[in-house]
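A.B. asks:
Here is the structure:
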C-alpha cells in the first residue's frame, strides 16, 4: 500500500534554532502534500497544502514565514520551523495524495514530535 | 461550511463487546466521510470511507459505518472489540470550496478496551 515516511520521528531543539522535517512518499508520486499540527489530546489542524513545484497554500492564522514549506519533487516535501519557540512544540503530521489514486484519499506519515526548549 | 462532531471524547468497552463511536456531520453538499484510527505514536490509518455509494460501508479490522442522511450521522461500529482496537479514532469530512479536497477532522474519540 501507499506509504508515507517522516524524518525525524522526534526532535528536541533550543529556542531560536530552525528545524527541518521531511515527508516522503515511498511508493507513489504525490502531487499534493499536506501538513497538519496536532496538540496534545486534540485533533489535527491543517497548516498548509503544498503542490509540487509551486508555493504552498497556508491556512488562516499560520505564519508562512515561520513555517516554510518546500515541495521540490513528487516524493518529497519539507517543513522548516524557523526560529522555533516553546509554543511551536507539537506533533507535526504530513499526508500525501496519490497522483494516480482516488482523488481525495490522503496517506498519512507517522508524525514528528517537536520539542523546543 | 463542512464540520464533524464526535459526540464522545472517550469510550470504554470490555473485550468482546460491541463498539459504537458516534459522529455527526454538517455539510451543504453530499459529503465524503472517513474514519481514521491513530495508535499511540503512529500515523493515521484509514478505516473506511463513504463517497455516496452504498450507505453501509465496511472497513478494515471488522469496522463498519452507516451513512444516515436524515440524521446527518456516520457512526462507527464493530460487533466485538479486541484489545488491539484501543486507539484514537477520528471522524473526517472532506472540505469543499477549493480544488485541494482538504480534510476536516473531528476532535477524536479515545477508545479503551478492558480485558
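Protein chains in written order, with our numbering: chain A, 22 to 138; chain B, 1085 to 1199. C-beta atoms are modelled at their ideal positions from N, C-alpha and C, and glycine is treated no differently.
1) So, does the CB of residue 61 of chain A fall closer than 8 Å to a CB anywhere in chain B?
2) By DSSP, does residue 73 of chain A sit in helix, in strand, or in coil?
3) Give the single residue among B:1096, B:1172, B:1119 and B:1186 whose Cα lies nearest to the Cα of residue 63 of chain A.
4) By alpha-carbon positions, which one of B:1104, B:1099 and B:1095 ends up nearest to residue 1158 of chain B?
5) Do you know how far the Cα of residue 32 of chain A is from the Cα of residue 1183 of chain B?
6) Could you name the residues that DSSP lists as bridge partners for residue 1120 of chain B?
7) Can you tell me whether residue 1155 of chain B is helix, strand or coil according to DSSP?
8) Run through the stretch 30–103 of chain A for me and flag every whole beta strand (DSSP E) of 3 or more residues, listed as ranges in chain order.
9) With a 10 Å radius around its C-beta and 16 neighbouring C-beta atoms as the bar for buried, classify residue 1155 of chain B as buried or exposed.
10) Decide if residue 59 of chain A is buried, meaning its Cβ has at least 16 other Cβ atoms within 10 Å, or exposed.
11) Go ahead and pull the three-state DSSP assignment for residue 119 of chain A.
C.D. replies: With the structure as the only source:
1) Working through the first chain from its first residue, we reach residue 61 of chain A at position 40. So no, residue 61 of chain A is outside the interface.
2) The sequence position of residue 73 of chain A within the first chain is 52, counting from 1. Looking at residue 73 of chain A - three-state DSSP - the assignment turns out to be coil, as it is neither helix nor strand.
3) Here residue 63 of chain A refers to the residue found at position 42 of the first chain. The shortest C-alpha separation from residue 63 of chain A is found at B:1172.
4) In the second chain, counting from the first residue as 1, residue 1158 of chain B sits at position 74. Closest option to residue 1158 of chain B, Cα to Cα, is B:1104.
5) Taking the first residue of the second chain as position 1, residue 1183 of chain B is located at position 99. Taking the first residue of the first chain as position 1, residue 32 of chain A is located at position 11. With a pLDDT of 44 at residue 1183 of chain B, under the threshold of 50, the predicted position of this residue should be treated as unreliable, though the coordinate-derived value follows. In a straight line, the C-alpha of residue 1183 of chain B is about 33 Å away from that of residue 32 of chain A.
6) In the second chain, counting from the first residue as 1, residue 1120 of chain B sits at position 36. DSSP lists B:1130 and B:1174 as partners of residue 1120 of chain B.
7) Looking up residue 1155 of chain B in the second chain gives position 71. Correct three-state label for residue 1155 of chain B: coil.
8) For the stretch 30–103 of chain A, whole beta strand (DSSP E) runs of length 3 or above, ordered along the chain, are 31–34, 40–46, 51–59, 65–72, 88–94 and 97–102.
9) Start at 1 with the first residue of the second chain, and residue 1155 of chain B comes out as number 71. So residue 1155 of chain B counts as exposed.
10) On the first chain, position 38 is the one that residue 59 of chain A refers to. Answer is buried; the Cβ neighbour count reaches 16.
11) Here residue 119 of chain A refers to the residue found at position 98 when the first chain is read from its first residue. It is a strand residue.
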